[in-house]
Amino acid sequence: MKLRTLAVGLLVGSLALTACGREGSPDSSGPVVSQSAAQNVTVEGSPTFDKMKQRGKVIIGVKEDQPGLGYKDPTSGEYSGFDVEIARLVAAQLGFDESKIEYKAIPSQSREQAISNGDIDYYVGTYSITDSRKQQISFAGPYFVAGQDLLVRKDDNSITGPESLKGKKVCSVTGSTPIQRVRSQGLTEPDNIVEFQNYSQCVDQLAQGNVDAVTTDDAILMGYAAQEPDKFKVVGKVFSEEKYGIGLPKDDKALRDKVNDILQQAIDDGTWQKIYDATLGKSGASATPPALERY
Ligand code: GLU
Numbered sequence: 000m001k002l003r004t005l006a007v008g009l010l011v012g013s014l015a016l017t018a019c020g021r022e023g024s025p026d027s028s029g030p031v032v033s034q035s036a037a038q039n040v041t042v043e044g045s046p047t048f049d050k051m052k053q054r055g056k057v058i059i060g061v062k063e064d065q066p067g068l069g070y071k072d073p074t075s076g077e078y079s080g081f082d083v084e085i086a087r088l089v090a091a092q093l094g095f096d097e098s099k100i101e102y103k104a105i106p107s108q109s110r111e112q113a114i115s116n117g118d119i120d121y122y123v124g125t126y127s128i129t130d131s132r133k134q135q136i137s138f139a140g141p142y143f144v145a146g147q148d149l150l151v152r153k154d155d156n157s158i159t160g161p162e163s164l165k166g167k168k169v170c171s172v173t174g175s176t177p178i179q180r181v182r183s184q185g186l187t188e189p190d191n192i193v194e195f196q197n198y199s200q201c202v203d204q205l206a207q208g209n210v211d212a213v214t215t216d217d218a219i220l221m222g223y224a225a226q227e228p229d230k231f232k233v234v235g236k237v238f239s240e241e242k243y244g245i246g247l248p249k250d251d252k253a254l255r256d257k258v259n260d261i262l263q264q265a266i267d268d269g270t271w272q273k274i275y276d277a278t279l280g281k282s283g284a285s286a287t288p289p290a291l292e293r294y
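So, in structure tokens, the structure goes:
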């Protein structure tokens, strides 16, 4: 697992340099859109913000095996990707620069618990806003909209969409919306559903031929396909809407309002677009920011 991650990391580094024809890769450096920490920030009535201030740093829950979104370079230890940049933007606007950020990798299954336990101050990592999650935590956003799709081996033409999964082994992640959808819609037989903690583990299984498809958000799958384009392809038939939110402690309305203000400003002043273009947008796909849902 470690070796594979390293090999993949190296591959991505070289792809970023050659395929994109750009000098240096945001995947291996610091923030792509530099943010100076705002001064004298106050968030009246936010217990979470008070805790960060007292601690002198912010603890952010992220993914670290999702290239283009939330990725930790195995060599340099640097974090990169669209989600990480959004996390940094929020931290900077709350008054914390990069040196005051502690990242904590939290798998899909453990997000609500990590937030409600106070292990992290907020979470930015392909986290879909759902009603059932809202019972335990709050969301700011959405700051991006993705959709469930399928990753298959390059030479497999038998899987063309969700309706062609019967009899196929399908891998996804525990506690994620995509695995719930595979189950509730009976897309394949219960015995054919394989689940892991992280999507990179599913991708390993796909490479080894132990599963036939990995299912999750298209944005995540495109990152894996870009790393190993000779091995994998994304089917490209999206079958859900996944609105990504920033996960926050449930009763901290003051912080939620503040984070929504930060996102709105980044959308209005073009920072969101700059972040997108330097991360996910490098694949060539264009996107515009979604409308925030303030509830
Ligand atoms: N966006 C989906 C979810 O929140 C899938 C990606 C993930 O597991 O992080 O469950």
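Under numbering that gives the first Met the number 0, the first residue of the sequence shown carries the number 0, and numbering increases by one thereafter.
Glycine included, C-beta positions come from ideal geometry on N, C-alpha and C.
Between which residues of its own chain and residue i is the CB-CB distance below 7 Å, once the five residues before and five after are set aside?
i	result
Q135	E111, S115, K249
T283	In the sequence as presented, Thr is not what sits at residue 283; that position holds Gly. Result list for G283: empty, nothing under 7 Å.
R152	L205, K230, F231
G44	A253
R180	Q147, S239
I128	F138, G140, P141, K242, G244
With a CB to CB cut of under 8 Å and the five nearest residues on each side skipped, what residues in its chain are close to residue i?
i	result
R293	D256, N259
G166	T187, E188, N191
D148	T214, T215, D216, D217, L220, V233, V234, G235, K236, V237, F238
K296	What the structure shows of the chain is the stretch from 0 to 294, and residue 296 is not part of that stretch, so it cannot be assessed.
I158	L149, V151, L164, K167, D211, A212, V234
K50	G117, D120
Label residue i either buried or exposed according to how many other C-beta atoms from any shown protein chain fall within 10 Å of its C-beta, with 16 as the threshold for buried.
i	result
A212	buried
A139	buried
N197	buried
G80	buried
R54	exposed
A91	buried
S183	exposed
D251	buried
A303	A query on residue 303 cannot be resolved here, the shown segment of the chain reaching from 0 to 294 and no further.
S171	buried
Q38	exposed
Q207	exposed
G69	buried
P141	buried
P228	exposed
Please confirm whether residue i and residue j have their CB atoms less than 8 Å apart.
i	j	result
K56	A104	no
G300	Q264	Any property of residue 300 remains undetermined from this structure, which presents the chain solely from 0 to 294.
G244	Y126	yes
V295	I59	In the structure displayed, the chain extends from 0 to 294; residue 295 sits before or after that span and is not available.
A145	D216	yes
G94	V40	yes
A224	L150	yes
E84	P161	no
E77	R87	no
P73	Q226	no
E241	T176	yes
S266	P288	Note that residue 266 corresponds to Ile in the displayed sequence, not to Ser. In contact: I266 and P288 (Cβ atoms closer than 8 Å).
V169	V202	no
Counting only the same chain and skipping the five closest in sequence on each side, list residues whose C-beta sits under 6 Å from that of residue i.
i	result
F48	V42, L254
D64	N197, S199
S137	L247, K249, R255
F143	Y243
Comparing the CB of residue i with every heavy atom of ligand 3, is any distance shorter than 7 Å?
i	result
G124	Among the ligands in the structure shown, ligand 3 does not appear; only ligand 1 can be found there.
For the stretch 167-198, list the alpha helix (DSSP H) runs that are entirely contained and at least 4 residues long, ordered along the chain.
176-183
Continuous alpha helix (DSSP H) assignments of at least 4 residues falling wholly in the stretch 223-248:
none
What are the start and end residues of each continuous beta strand (DSSP E) run of 3 or more residues lying completely inside the stretch 23-81, in chain order?
57-61, 69-71
Give the list of continuous beta strand (DSSP E) stretches no shorter than 3 residues that lie fully inside the stretch 115-168.
136-145, 147-152
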